[in-house]
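These notes are about the structure you will find just below.
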Amino acid sequence: MLAKRIIPCLDVKDGRVVKGINFIHLRDAGDPVENARVYDQQGADELTFLDITASHERRKILLEVVRRTAEEVFMPLTVGGGIRTLDEIRELLQAGADKVSLNTAAVQRPDLVREASERFGSQCIVVAIDAKRRPSGDDLWAKADLLAREGKGNELLSLGKRVSWEVYVHGGRTPTGIDALDWARKVEEGGAGEVLLTSMDRDGTKEGYDIPLTRLFSDSLSIPIIASGGAGTMDHLLEALNQGRADAVLAASIFHFRQHTVREVKSYLQGKGVPVR
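Structure, rendered in structure tokens:
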């Protein structure tokens, strides 16, 4: 079994790391370069850097901050936010990014995923999907959660469109009407190397990852799934990796505010039988 990855995330606004709840109510969490240095020393497997307002503000990502971050770390660095063209992808890779994360621009022009993977290789093209639950009864969501945790993937899939998630863009501001799983299948066909899957309902809540969402994607796609949104305890990371079958877990709050270190998380997961580096 491949080792599971632990990935701190730096959500950056105006050159500072921020963290919110459900994509709003942002509070300052420090300097991105300093945070990156700490996570590198703690043994993080990768680092994700997201300029969360670049798409909404229709501007290019903060290249200088990316360059300074890349100079400080030796782990793989994924960068996303406001990336619209192949030239911008090239600029980020030249600035030190190992992977780029596409979101809004990929939804607006799906061919960008195929073109980017053909030009730079699938291994460095991540598609970020911000998914929000569509209205449904609480009893149906409870059933979906139970099926996911019991590993009954086929039964989870059989719930069909009664349990589904919608893709949002512009940093979670704009609904698209697109079904999240359908979109994920499309970007996989287009050559995406992995999917960064964020539950907007759980983001920043510290209530745990959306296990039905994560499990549905993991069972339906062949490319790696990075679970994001909701980590509040080390048990939550364990659930996303075991019940959700994610290939990696991304977290922010528990690391930024020093609730746990990456090293502590890895030791805990290893003790539970999860293969980690």
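Here this note's numbering runs 35 ahead of the position in the sequence shown, where the first position is 1. Think of the CB as a built atom: it goes at the ideal place given N, C-alpha and C, for glycine as much as any other residue.
DSSP three-state assignment for Arg40, whether helix, strand or coil: strand
Cβ neighbour criterion (16 or more within 10 Å) applied to Ile59: In this prediction, Ile59 scores a pLDDT of 49, lower than 50, which makes its location untrustworthy; no coordinate-derived value is stated.
Where Asp80 falls: helix, strand or coil (DSSP): coil
The region 201 to 212 / the region 254 to 269 touching (three or more Cβ pairs under 8 Å): no
Where the alpha helix (DSSP H) containing Pro210 begins and where it ends: Element bounds for Pro210: not the alpha helix (DSSP H) but the beta strand (DSSP E), 209 to 214.
CA nearest to the CA of Gly117, picked from Asp133, Thr139, Gly279: Thr139
Rounded distance between the beta-carbons of Asp133 and Leu112, thought under 8 Å: 5 Å
C-beta atoms of Gly279 and Met235 nearer than 8 Å: no
Val309 beta carbon less than 8 Å from that of Ala79: no
Cβ-based neighbour list, Ser302, same chain, cut-off 7 Å, excluding 5 preceding and 5 following: none
Straight-line Cα distance separating Leu127 from Arg103: 12 Å
Per DSSP, cross-strand counterpart(s) of Leu85: Asp46, Gly115
Unbroken alpha helix (DSSP H) run spanning Ile289, endpoints: 288 to 291
Residues near Tyr244 by beta carbon distance below 7 Å, same chain, minus five either side: Ser234, Arg237, Ala262, Gly264, Gly265, Ala266, His271, Glu274, Ala275, Gly279
C-alpha gap between Met110 and Leu82, whole angstroms: 7 Å
Given Val311 as reference, the closest of Arg184, Asp165, Asn277, Val230 once Cα atoms are compared: Asn277
Assigned secondary structure, His91 (DSSP; H/G/I helix, E/B strand, else coil): In this predicted model, His91 has a pLDDT of only 48, less than 50, meaning its place in the structure is not dependable; the value taken from the coordinates is given anyway. If DSSP states are grouped into helix, strand and coil, His91 belongs with coil.
Host alpha helix (DSSP H) of Glu190 (start-end): 188 to 193
For His60, the three-state DSSP class (helix, strand or coil): Unreliable positioning characterises His60 in this predicted model, as indicated by a pLDDT of 49, which lies under 50. The coordinate reading is nonetheless provided below. Reduced to three states, the DSSP call for His60 is strand.
Contacting residues, own chain, Cβ-Cβ under 7 Å from His91 (five flanking each side not counted): Annotation note: pLDDT 48 at His91 (below 50); position unreliable, no value reported.
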